[in-house]
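Only one structure is covered here, and it is reproduced in the block below.
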Amino acid sequence: MSGEPVAAPYGSWVSPITLDELYGDRRTPSSLRAIRGALWWQESRPSEDGRDAVVRRAPDGTIADASPAGVNVRTMVHEYGGGAWAVGPDDLLIYADKADGRLYALAPGAEPRALTPAADAPALTPAGDLRYADLEVDAARSRILCVRQDHRRDAQEPQNTLVAVPLAGGEPEVLVEGHDFFSAPRLSPDGRHLAWLSWDHPNLPWDGCQLWLAELDAAGRPREPRVVAGSAGEAIDQPRWSPDGRLHFVAEPDGWWNLFVLGPDEAAIPLAPMAAEFGFPQWNFGRQTYDFLPDGRIVAISARSADDAGDRLWLIGPAPGQVEALANPWTQLSGLAVLGERIGLLCASWTEPPSIVLIDATGQGAELVQRSTAVRVDPADVSIPTAITFPTSDGAVAHGLFYPPRNARFRGPPGERPPVVVRSHGGPTSSAATCLSLAFQYLTSRGIAVVDVDYRGSTGYGRAYRQALEGQWGIYDVDDCVAAVAYLAAEGLVDGERAAIEGGSASGYTTLAALAFRDAFCAGVSYFGIGDLETFVHGTHKFESRYLDRLVGPWPAAAATYRARSPIHHLDQVSCPMLILQGLDDRIVPPTQAEQITAALRARGLPYAYLPFEGEGHGFRREANLRRATQAELAFYGQVLGFTPADTLPPLELERPPA
């Protein structure tokens, strides 16, 4: 099609972004590391049954898988995992296999060998009874330091410890115990000191945790450990040792996650104080967003804030207070690693998908290492979001990213405004995506607007904004989603009468709460959303089992609030259709939640569709299931928002009340 755009109803546009563009041979990189002149990273591959692989780029530029074919390199510690692999001497790859939870070692040209013992009895949990994460190589002592989560005590919650796993294989040695959670065991360059993080119920690590430091004795065990930073009310993130043996970390004594170094007297010295976030909620182990250049400077990433269109890149030091912003064309920076004089970045932009690039210390000379997909979308069909700040309840403001419909071949009919899908992120401590989201473009290129809401509680705007949701979950997040639609409708950008809300996990709860407690949306889509807060307290995993103490109130003292905020008890107030999607292997939000919601909707006689997915956990990973979910969502929107998609879609039958 050429010439002037054709007027056609919003939602009915023929889009160049198909399911093949969305999911075909996509390989999303994470956990970038630079080791002895090579780049290493992890890759998520939906087309390979959702497995993760470890990939190595040799100094000569050759890229090849380092992990065995068919193996899923993942750990399910905390269910979210991370830090599932490390590289030892002579490129020895140590990794966790999701199939049994054990650690394995793989030398180049050899076969994998198990390092940790098999369970004595059949596993009580799908990912193994003994799980390992956040691996750190102690080459001088021929061992791996890591977090172990022990699920062998059936009816009790699992026990978390720091352990040492011999590289020769055998029973791990417990090094540190006595707290509910541990992370980030980090060995000093000379091997004499060990740093780590711990926290206890009811905290999650971003609520508050402690940074410990200890000398190691002749046997490699911590001696007289002491807290050097953090507390039950102050969070620490990413402790790391510089090559010259100084302990660095991210802390927030002034309300922003900034970089610090531990001084000779063990006082925390700020390196670049500013109203910016250099740390992130520790949902996954092993995230690395700062590293050390050979000249002593630090290269670091800060998250998007209300004043920035995207993430930012900084050079800090070598002296405190020396700060330089590096110009870069990317809006999302999710990880980095220093490779000699160059900087490897996990990056993306509004028009480019996640990729790995190498730049120099001036931010120039970008070399593309690997792109997550071969798909290239014409920029004329890409909706570039506008950052919005809008008024909300209690005199506050909230933030978001607005994506208008965009397709070079189509425009909306005169006088018509587009329908809008409101998306809120999970966590609820996460934040709106700052990169090319083909899932959003799939909608906008068909004529559907999207607003990605950073409600109160989101990361990137300082501790006060993040903690504003405490005691208010199910209220402020919902208020902010409703306020986003009202703002956009008042600006004439969307049709406020054709607004749907969609989300997964914690965002799924916000979706369900918005439908039960407000009358602002005409449809809702819940991916593994929480419908019953009481069930979540009793039925979820250890990591989040006390999460709602802060977000809602301590259990059982606040039992009445839990019931009042649980959408499952208020579905008589829902008056619009719903689409519910659920993984049947989800241990964070069990399928019983979705089954309770569908049963209540059926009893109420409300239209709904329920799609359960075998083999999926908390977040869909298999390509076939991702495709089906996307098709179902578009078909659902067409039925409830009043348009006919141009796509050929599998039938989606809504359960409807009898006539």
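For what it's worth, my numbering labels the leading residue of the sequence shown as 6, then goes sequentially. The C-beta atom is built at its ideal place from N, Cα and C for all residues, glycine as well.
I believe residue i touches residue j by the beta-carbon criterion, under 8 Å. Please report the beta-carbon distance rounded to the nearest angstrom.
i, j, result
"Arg153", "Pro177", "6 Å"
"Ser388", "Pro418", "About 19 Å separates the two Cβ atoms, so there is no contact after all."
"Tyr552", "Trp560", "So it is not a contact: roughly 11 Å between Cβ atoms."
"Ala353", "Asp386", "Not a contact, Cβ separation roughly 17 Å."
"His83", "Phe548", "4 Å"
"Leu341", "Leu37", "7 Å"
"Thr439", "Gly315", "5 Å"
"Asp185", "Asp205", "4 Å"
"Phe283", "Asn263", "6 Å"
"Ala504", "Val427", "6 Å"
Indicate the three-state DSSP secondary structure (helix, strand or coil) for residue i in the structure shown.
i, result
"Thr545", "coil"
"Asn263", "strand"
"Met6", "For Met6, the pLDDT reaches just 46, beneath the cut-off of 50, and the residue's location in the model is therefore unreliable, although a value from the coordinates is still provided. Met6: coil per DSSP, three-state reduction."
"Glu26", "helix"
"Gly250", "coil"
"Ser429", "strand"
"Tyr15", "coil"
"Val645", "helix"
"Arg568", "helix"
"Asp143", "strand"
"Ile573", "helix"
"Thr166", "strand"
"Ser72", "coil"
"Arg468", "helix"
"Pro650", "coil"
"Leu520", "helix"
"Leu659", "coil"
"Thr121", "coil"
"Leu666", "Only positions 6 to 664 of the chain appear in this structure, which leaves residue 666 out of reach."
"Gln287", "coil"
"Ala392", "strand"
"Asp386", "helix"
"Ala528", "strand"
"Ser354", "coil"
"Ala305", "strand"
"Tyr137", "strand"
"Ser463", "coil"
"Tyr100", "strand"
"Ala629", "helix"
"Tyr514", "helix"
"Pro244", "strand"
"Ala281", "coil"
"Gln47", "strand"
"Pro94", "helix"
"Ala200", "strand"
Between which two residues does the beta strand (DSSP E) carrying residue i extend?
i, result
"Leu216", "Gln215 to Leu221"
"Glu600", "Per DSSP, Glu600 belongs to no beta strand (DSSP E); it is in the alpha helix (DSSP H), Pro596 to Arg609."
"Gly588", "Met583 to Gly588"
"Phe297", "Tyr295 to Phe297"
"Ala403", "Val402 to Tyr408"
"Leu108", "Leu108 to Leu111"
"Pro275", "Ala273 to Pro275"
"Ala311", "Run containing Ala311: none; DSSP gives neither H nor E here."
"Gln375", "Glu372 to Arg376"
"Ala342", "Gln337 to Leu344"
"Thr80", "Note, Thr80: premise wrong, no beta strand (DSSP E); not H, not E."
"Ala614", "Tyr613 to Phe618"
"Val233", "Pro227 to Gly235"
"Val152", "Arg148 to Asp155"
"Thr33", "Thr33 to Ile40"
Any heavy atom of the ligand NAD closer than 7 Å to the CB of residue i?
i, result
"Leu150", "Because no ligand of any kind appears in the structure shown, any question about the ligand NAD cannot be addressed here."
At which residues does the alpha helix (DSSP H) containing residue i begin and terminate?
i, result
"Asp554", "Leu553 to Leu556"
"Gln446", "Leu443 to Thr449"
- Pairing CB atoms from the stretch 380-387 with CB atoms from the stretch 17-31, are three or more of them under 8 Å? yes
- Take every Cβ of the stretch 619-635, pair it with every Cβ of the stretch 50-63, and state whether three or more of those distances are shorter than 8 Å. yes
- Item | Contact the stretch 527-543 vs the stretch 441-450: 3+ CB pairs below 8 Å | no
- Message: Any contact between the stretch 266-278 and the stretch 246-258? By contact I mean 3 or more CB pairs, one from each, below 8 Å.
- Response: yes
- Task: Check whether the stretch 512-526 touches the stretch 169-184, counting contact only when three or more Cβ pairs, one atom from each stretch, lie closer than 8 Å.
- Result: no
- Query: Should the stretch 500-510 be regarded as contacting the stretch 531-544, the criterion being three or more beta carbon pairs within less than 8 Å?
  - Reply: yes
- Query: Which residue spans inside the stretch 470-509 form an unbroken beta strand (DSSP E) run of at least 3?
  - Reply: 504-509
- Do the stretch 480-493 and the stretch 516-523 touch if we need at least three Cβ pairs shorter than 8 Å? yes
- Message: With a threshold of 8 Å, are at least 3 pairs of Cβ atoms found where one atom belongs to the stretch 394-405 and the other to the stretch 75-92?
- Response: no
- Inter-stretch contact (C-beta, 8 Å, three-pair minimum) for the stretch 320-333 and the stretch 288-308: yes
- Any 3 or more C-beta pairs closer than 8 Å across the stretch 177-187 and the stretch 219-231: yes
- Query: Is the number of C-beta pairs between the stretch 132-144 and the stretch 188-205 that are closer than 8 Å three or more?
  - Reply: yes
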